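One structure is given here, and the rest of the page talks about it.
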Amino acid sequence: MPYVTPSHPAPPGAPPPRAGRGGRRRRGARRLAAVVALVTGAALAGPGTAGAAPAGPMAAEARTAAALERVTAFGANPGNLNMYVHRPPALPANAPVVVALHGCTQSAQVYSDNSGLDTFADRHGFLVVYAETTTANNANKCFNWFQPGDTRRGQGEAASIRQMVAHAATAYGTDVDQVHVTGLSAGGAMTSVMLAAYPEVFAAGAVVAGIPYGCGVDVVSAYRCMSPGTDRTPAAWAQAVRDAHPGFPGPWPRVAVWHGDDDPTVVPRNADELRDQWTAVHGLGQSPDRTSTVGPDSTRRSEYLSAGGGSVVEVNRVPGIAHGTPVDPGSGGEQCGATGTQHFIDSICSSYWITRFFGLDGGTAPEPPVDPPTEPIACWTADNYAHVRAGRATTTAGHVYAKGSGQHLGLYNTFVTHTLKESPAGHYVLADGTCP
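Encoded structure:
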């Protein structure tokens with residue numbers, strides 16, 4: 107999503123990097139270079155494509171594998187979006203719906219070909235609605251998650267996506283009580299928009315490398331949301347959601363968050379802020395009730411449970427990947443996707459786990475083993491600037507404090523280094539010399 111520039115006049119690129127010394131300046135320059143490359147339409151060949159194979163015959167084959175069905179008349183379309191669907195060969199009556207929102211520079215077809223969602227739609231019998239934006243809306247084909255005219259109930263792109271859901275119910279006989287939404291990057295941020303603006307429509311959502319609702323209101327603030335991220339209290343984040351649909355009594359959608367540990371574009375602290383937002387909306391605390399590892403790469407999962415024991419909010423932290431959708435190409439039951447296109451990263455089939463979180467897999471998959479609550483999840487050694495940027499710490503008045511424990515780490519710069527232990531997920535304690 108490092109390319110939020112809208113098609114109408116706006117600052118021509120990202121805000122200049124923050125002043126600093128040494129590694130801090132170099133990191134800022136790299137972020138700016140990535141933003142400029144993508145704003146001008148160039149391909150990102152840096153960390154955002156980690157784990158992806160070069161585009162070539164495999165990508166071409168994937169694009170022709172399953173053409174989407176274009177829906178040209180789906181009703182009111184104030185956001186000027188395109189609608190496509192993937193309809194399984196034997197779509198049952200009252201089928202569930204998953205709305206899928208692509209990332210910047212992508213298309214509905216690219217997201218369909220590579221994310222793996224269609225694999226599980228065919229396996230479990232649900233309709234996938236792919237909303238697509240164009241350069242007429244945004245120069246880089248990003249959903250305008252930061253433009254108030256597109257993020258409010260009854261307006262712009264949000265209203266168009268809502269109309270697609272309504273059309274699916276009448277045209278395909280789908281179940282209005284089983285509607286879900288997911289998306290990558292700008293599509294992940296737009297997923298947050300849909301969950302906040304239309305909470306009565308969506309039973310659940312999955313935000314992949316996205317941003318909390320209410321963070322950005324223009325191009326400049328959008329870049330700040332992406333990196334270094336915006337730290338607000340859980341109550342403030344929750345109020346932003348409630349303000350999107352004043353008076354809504356609930357129940358609120360369930361929310362899954364997916365984020366790469368090494369994402370330099372939408373920094374990992376956004377996963378923490380999303381957790382804070384939606385746990386607070388649901389009236390839950392920010393310490394997980396259950397932690398586990400899932401998938402072939404030991405993705406770290408934290409779950410926040412309802413009084414009845416169901417997972418209401420979950421956060422999935424994917425190790426070793428940068429900015430993109432985690433996929434795991436192959437024919438195994440937990441595999442999916444393709445890596446022939448940028449921002450689809452060989453790691454874990456996130457669409458498998460998202461489908462399961464939505465409750466669309468028939469409930470046949472076994473629960474992952476639960477980690478002992480005292481077991482450390484991870485240790486991180488870095489300078490204070492890197493800890494804040496990664497969302498492991500916060501900064502106030504030039505000083506840094508560990509997220510969760512609130513322990514003082516010293517000055518906000520690159521010259522102070524500490525080790526933080528994450529246990530439980532999202533809760534960090536000072537562990538200099540004590541981490542394994």
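Reading the sequence shown from the start, the letters are residues 107 to 542 in our numbering.
Every residue gets a Cβ at the ideal spot worked out from N, C-alpha and C, and that includes glycine.
Note that this is a predicted model, so its numbers are computed, not measured.
Within 8 angstroms, strictly: CB atoms of residue i and residue j
i	j	result
TYR217	ALA227	no
TRP251	ALA310	no
HIS429	THR523	no
LEU197	TYR278	yes
TYR460	ASP403	Tyr is not the amino acid found at residue 460; the sequence shown has Ile there. Not in contact: ILE460 and ASP403 (Cβ atoms no closer than 8 angstroms).
PHE543	ALA312	Since the first residue of the chain shown is 107 and the last is 542, residue 543 is not available in this structure.
PRO184	SER298	no
GLN441	ASP434	yes
PRO305	PHE232	no
VAL363	ASN422	yes
ILE317	GLY366	no
MET189	VAL177	yes
SER291	ALA328	no
TYR578	ALA496	With the chain covering only 107 through 542, there is no way to say anything about residue 578.
ASP382	PRO334	no
GLY222	SER457	yes
ALA492	GLU528	no
Exposure of residue i, with buried meaning 16 or more beta-carbon neighbours within 10 Å
i	result
ALA149	Reliability fails at ALA149, whose pLDDT of 27 lies under 50, so the model's placement of it is uncertain and the value that follows must be treated cautiously. Exposed.
THR470	The predicted position of THR470 is uncertain, since its pLDDT is 44 and thus under 50; no value can be drawn from it.
GLU420	buried
PRO352	exposed
HIS273	buried
ASP283	exposed
HIS388	buried
TYR534	buried
LEU515	buried
PRO374	buried
ALA74	One cannot answer for residue 74 here, as it falls past the ends of the chain, which runs 107 to 542.
PRO202	buried
VAL323	exposed
THR540	exposed
ALA344	buried
PRO195	exposed
ASN246	buried
THR397	buried
GLY438	exposed
ALA257	For the record, residue 257 in the displayed sequence is Thr; it is not Ala. Buried, by the Cβ-count rule.
ASN220	buried
PHE450	buried
LEU517	exposed
GLY289	buried
Segment limits, alpha helix (DSSP H) that includes residue i
i	result
GLU379	375–387
VAL216	214–221
VAL271	262–278
GLY446	From DSSP, GLY446 is part of no alpha helix (DSSP H); its letter is neither H nor E.
ILE317	Element bounds for ILE317: n/a, residue is neither H nor E.
GLY255	254–257
TRP459	456–463
Bridge partner(s) assigned by DSSP for residue i
i	result
SER529	SER529 is not bridged to any residue.
ASN188	GLU238
TRP343	DSSP, once it has assigned bridges, lists no residue as partnering TRP343.
ARG176	TYR190
ILE451	PRO432
SER408	THR397 and VAL421
ALA488	HIS524
VAL205	VAL235 and VAL287
THR502	HIS505
ALA245	DSSP output for ALA245 lists no bridge partner at all.
GLY510	TYR534
ARG360	ALA310
HIS365	ARG423
Span of the beta strand (DSSP E) around residue i
i	result
SER437	Looking at the DSSP string, SER437 is not in any beta strand (DSSP E), and its letter there is neither H nor E.
TYR329	Premise fails: TYR329 lies in the alpha helix (DSSP H), 325–332, not in any beta strand (DSSP E).
ALA312	310–314
ALA295	No beta strand (DSSP E) holds ALA295; the alpha helix (DSSP H) holding it covers 292–303.
GLY516	514–517
TYR534	534–536
Supposed close pair residue i, residue j - CB separation, criterion 8 angstroms
i	j	result
PHE249	VAL285	Between VAL285 and PHE249 the Cβ distance is about 18 angstroms, and since that is not below 8 angstroms, they are no contact.
MET270	PHE180	5 angstroms
LYS509	ASP378	7 angstroms
ALA413	VAL347	20 angstroms between Cβ atoms; not a contact.
LEU466	HIS230	5 angstroms
THR405	VAL424	5 angstroms
GLY209	GLY293	5 angstroms
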